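Novice: Going by my numbering, the first residue of the sequence shown is number 17, and it counts up by one from there. Here you go, one structure.
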Amino acid sequence: MQTINVRRKPRGKGEILVKEGQKVSFFDTIATIDYLPGRLVRCDVSFELGCEPRNVNQYVSLKSGEWVEQGTVLVTYDRFFTKRVVVSPISGFYVFTSKVLGYIFIREPILLDPDKQKSSMKKAFEQSEHNQNMTKQEDKDTVPNFGIGNIIYDNYLKHTQNTALENFEKAKPKNEAGQFKAGFSGVVRTIEQQNEIVITSKGYRFQGVMGFGQQNFGKLTFLESYSEELQELEVPENLIETIIVIRGRPSLRALQKIERQGGVGLVCGSIPLSVLQDFCPKEPLLHLGHQMPISMTLVTMQKFGETMSQEQYAELKTLEGTWCLIDGNTQLRAGCKRPEILVPIHT
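See below:
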């Protein structure tokens, strides 16, 4: 038993709801997330202004993180009887200006609040309609009028937008969308920079050899197998919010079934490299830990081809049914990091 410090960092912009010294449990909401980082959009300012990329920065007065509405003037160039402007193609947050490329980069947010999503959709449709009307006005004298074709296209576009709004209203939003859970039981020790929350507690720490995926929390559930390899038929139904523990290794079909049935993590002796390559979207030996974009966290306790030691498995078995946090963070170079299974005493 030892003191465990867990670092929980909300992904995205939001608000911290807890204070230092406050007690939290696994399902307590410790932060709200207004939006997640979306695509990065670039604006070729140097080309629009006709200037060198290194000179673009002097025309930009925006600060990093500042909100920019679609159509907002980003840069105004008014020299030598020539006035040029560059407007934002999207609504988002200003990131930075490249002195090498002469681009302004804007991050488009992925809104999680249903009302804000609907408002954003309406605004985008209105801006699209406005741009379309402006284009029609400019091209009235140069582009031939196709009559019935334009009417059909306009009606189809309007119908598509109305259908999208209706489907959005009918969709049932997730109650926990935008809510960041503590994922651990303990006391909030500190709230550090960039909204990183440190939760401390007494508990048990089990260190693995190699991990893949982000932090997840769930109930420790053990599966027995007739051989060293867990088969698909040996995996039960309904594994929602569980962290599966097996002593041997899983087959590819067993691994896929655990994910389909709602398992959030797997702790095992080892996983064959061929299974990892088929299951993971990226090369596993090049994308360890948090770099692997998978929903289920994988932790191996031994090297390739080996099973979990009897002593380690028996120690984990005593904690069956308890809630824990599993972290796949792995780094093999300088500043070596290993994946962990963290079990607080009071769950």
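Each residue gets a CB set at the ideal place from its N, CA and C atoms; glycine is no exception. All figures in this text were calculated on a predicted structure; none of them were measured in a lab.
Express the C-alpha separation of E82 and L341 in angstroms, rounding to a whole number.
Specialist: Translated into the one-based positions of the sequence shown, residue 341 becomes position 325. Translated into the one-based positions of the sequence shown, residue 82 becomes position 66. If you take the alpha carbons of L341 and E82, they lie about 35 angstroms apart.
Novice: Kindly indicate which residue of D343, L52, P26 and T334 has the alpha-carbon position closest to the one of M317.
Specialist: By 1-based counting over the sequence shown, the position of residue 317 is 301. Checked all of D343, L52, P26 and T334; the closest Cα to M317 is D343.
Novice: Tell me whether E356 is buried or exposed, calling it buried when 16 or more other Cβ atoms sit within 10 Å of its Cβ.
Specialist: Position 340 of the sequence shown, counted from the first residue, corresponds to residue 356. It counts as buried.
Novice: According to DSSP, is T45 part of a helix, a strand, or is it coil?
Specialist: Here the question's residue 45 lines up with position 29 in the sequence shown. Strand, per DSSP.
Novice: Would you give the residue range spanned by the alpha helix (DSSP H) that I274 belongs to?
Specialist: To locate residue 274, count along the sequence shown from 1; it is residue 258. Its alpha helix (DSSP H) spans residues L268 to R276.
Novice: Just to confirm my understanding: we take M17, look at its own chain, exclude 5 residues before and 5 after, and list those with CB closer than 8 angstroms. What are they?
Specialist: Walking along the sequence shown from the start, residue 17 turns up at place 1. The answer, listed in chain order, is K218, G219, Y220 and I361.
Novice: Go to Q328, then tell me how far its alpha helix (DSSP H) extends in each direction, as first and last residue.
Specialist: On the sequence shown, position 312 is the one that residue 328 refers to. Looking at the DSSP string, the run of the alpha helix (DSSP H) that includes Q328 is Q326 to K333.
Novice: Checking 7 angstroms against the spacing of the C-beta atoms, do E36 and T48 come in under that value?
Specialist: In the sequence shown, the residue the question calls residue 36 occupies position 20. In the sequence shown, the residue the question calls residue 48 occupies position 32. In this structure, T48 does not lie closer than 7 angstroms to E36 by Cβ.
Novice: Beta carbon of K197, beta carbon of W339: below 7 angstroms?
Specialist: Along the sequence shown, read from residue 1 onward, the residue named residue 197 stands at position 181. Along the sequence shown, read from residue 1 onward, the residue named residue 339 stands at position 323. Taking 7 angstroms as the Cβ cut-off, K197 and W339 do not qualify as a contacting pair.
Novice: Among all the DSSP beta bridges, which residues are the ones paired with M312?
Specialist: Within the sequence shown, residue 312 is the residue found at index 296, counting from 1. In DSSP, M312 forms no bridge with anything.
Novice: List the residues that DSSP assigns as beta-bridge partners of M226.
Specialist: Locating residue 226 in the sequence shown gives position 210, where the first residue counts as 1. Per DSSP, T316.
Novice: To the nearest angstrom, how far is it from the Cα of V101 to the Cα of L90?
Specialist: For the purposes of this step, residue 101 is taken as residue 85 along the sequence shown, with counting starting at 1. For the purposes of this step, residue 90 is taken as residue 74 along the sequence shown, with counting starting at 1. The alpha-carbon atoms of V101 and L90 are separated by roughly 7 angstroms.
Novice: Could you give the residue range of the beta strand (DSSP E) that holds Q231?
Specialist: Walking along the sequence shown from the start, residue 231 turns up at place 215. Annotation for Q231: the continuous beta strand (DSSP E) segment containing it runs Q231 to F238.
Novice: I want to know whether the stretch 224-235 touches the stretch 243-252 - three or more CB-CB distances under 8 angstroms.
Specialist: no
Novice: Evaluate contact between the stretch 63-82 and the stretch 18-28, counting only Cβ atoms and requiring at least three cross-stretch pairs below 8 angstroms.
Specialist: no
Novice: Quick check on E64: does DSSP put it in helix, strand or coil?
Specialist: Sequence index remark: in the sequence shown, residue 64 carries index 48 (1-based). Helix at E64.
Novice: Please classify G202: is it buried, with 16 or more other beta-carbons within 10 angstroms of its beta-carbon, or exposed?
Specialist: Locating residue 202 in the sequence shown gives position 186, counting from the first residue. Buried: at least 16 other Cβ atoms inside 10 Å.
Novice: Considering only residues of the same chain and omitting the five flanking positions on each side of N191, which have a CB-CB separation below 8 angstroms?
Specialist: Along the sequence shown, one-based indexing puts residue 191 at 175. Summary for N191: the model assigns pLDDT 45, below 50, so the residue's position carries little reliability, and this model does not support an answer.
Novice: If we count the other Cβ atoms within 10 Å of its Cβ and call it buried at 16 or more, is T113 buried or exposed?
Specialist: Numbered from 1 along the sequence shown, position 97 holds the residue referred to as residue 113. Buried, because 16 or more other Cβ atoms sit within 10 Å of the Cβ of T113.
Novice: Quick one: give me the first and last residue of the beta strand (DSSP E) that V22 is part of.
Specialist: In the sequence shown, residue 22 corresponds to position 6, counting from 1. Counting along the chain, the beta strand (DSSP E) containing V22 begins and ends at Q18 to R24.
Novice: Taking 8 angstroms as the limit between beta carbons, can you name the residues of its chain near P266, skipping five residues before and five after?
Specialist: The residue you call residue 266 lines up with position 250 of the sequence shown. So the qualifying residues of the chain are E245, L246, I274, L282, C284, I287 and V291.
Novice: Closer than 6 angstroms by C-beta to Q272: which residues in its own chain qualify, once you throw out the five before and the five after it? Chain order, please.
Specialist: The count along the sequence shown starts at 1 and reaches residue 272 at position 256. Excluding sequence neighbours, Q272 sits near nothing in its chain.
Novice: Quick check: the Cα distance between Q38 and T216, rounded to an integer number of angstroms?
Specialist: Against the sequence shown, residue 38 aligns to sequence position 22. Against the sequence shown, residue 216 aligns to sequence position 200. About 11 angstroms.
Novice: Strictly by DSSP, which residues pair up with V248?
Specialist: The residue labelled residue 248 in the question sits at position 232 within the sequence shown. The sequence shown places Glu at residue 248, not Val. DSSP, once it has assigned bridges, lists no residue as partnering E248.
Novice: When the Cα atoms are used, what is the spatial distance from T364 to Q195?
Specialist: In the structure displayed, the chain extends from 17 to 363; residue 364 sits before or after that span and is not available.
Novice: Since S241 and I262 are thought to touch, with beta carbons under 8 angstroms apart, how far apart are those beta carbons, to the nearest angstrom?
Specialist: The count along the sequence shown starts at 1 and reaches residue 241 at position 225. The count along the sequence shown starts at 1 and reaches residue 262 at position 246. That pair is a contact at about 6 angstroms.
Novice: If you drop the 5 nearest sequence neighbours on each side, which residues of the same chain put their C-beta closer than 8 angstroms to that of A330?
Specialist: Here residue 330 corresponds to residue number 314 of the sequence shown, with the count starting at 1. The beta carbon of A330 is closer than 8 angstroms to none in its chain, skipping five residues each way along the sequence.
Novice: According to DSSP, what are the bridge partners of K197?
Specialist: Residue mapping note: residue 197 aligns to position 181 of the sequence shown, counting from 1. In DSSP, K197 forms a bridge with T45.
Novice: Can you name the residues that DSSP bridges to C340?
Specialist: Taking the first residue of the sequence shown as 1, we reach residue 340 at position 324. G234, per the DSSP bridge assignment.
Novice: Examine the ligand ZN and report whether any of its heavy atoms sits within less than 6 angstroms of the Cβ of G81.
Specialist: Of ligands this structure carries none, so the ligand ZN is not represented either.
Novice: Taking only three categories from DSSP, how would you classify V34?
Specialist: Taking the sequence shown and counting its residues from 1, the one referred to as residue 34 is at position 18. Here V34 sits in coil by DSSP.
Novice: Taking all protein chains shown into account, do 16 or more other C-beta atoms lie within 10 angstroms of the C-beta of P125, making it buried, or fewer, making it exposed?
Specialist: Position 109 of the sequence shown, counted from the start, is the residue given in the question as residue 125. By the neighbour-count rule (16 or more Cβ atoms within 10 Å), P125 is buried.
Novice: Can you tell me whether S217 is helix, strand or coil according to DSSP?
Specialist: Taking the sequence shown and counting its residues from 1, one reaches residue 217 at position 201. Secondary structure of S217 (DSSP, three-state): strand.
Novice: Starting from L358, follow the alpha helix (DSSP H) in both directions and report where the run begins and ends.
Specialist: If you number the sequence shown from 1, residue 358 lands on position 342. Counting along the chain, L358 falls outside any alpha helix (DSSP H), though it belongs to the beta strand (DSSP E) covering E356 to P360.
Novice: Let me confirm a value: C59 is counted as buried when at least 16 other C-beta atoms fall within 10 Å, else exposed. Which label applies?
Specialist: Position 43 of the sequence shown holds residue 59. With 16 or more Cβ atoms within 10 Å of its Cβ, C59 is classed as buried.
Novice: Spell out the partners DSSP gives K29 in its beta bridges.
Specialist: To locate residue 29, count along the sequence shown from 1; it is residue 13. The partner list for K29 (beta bridge, DSSP) reads Y51.
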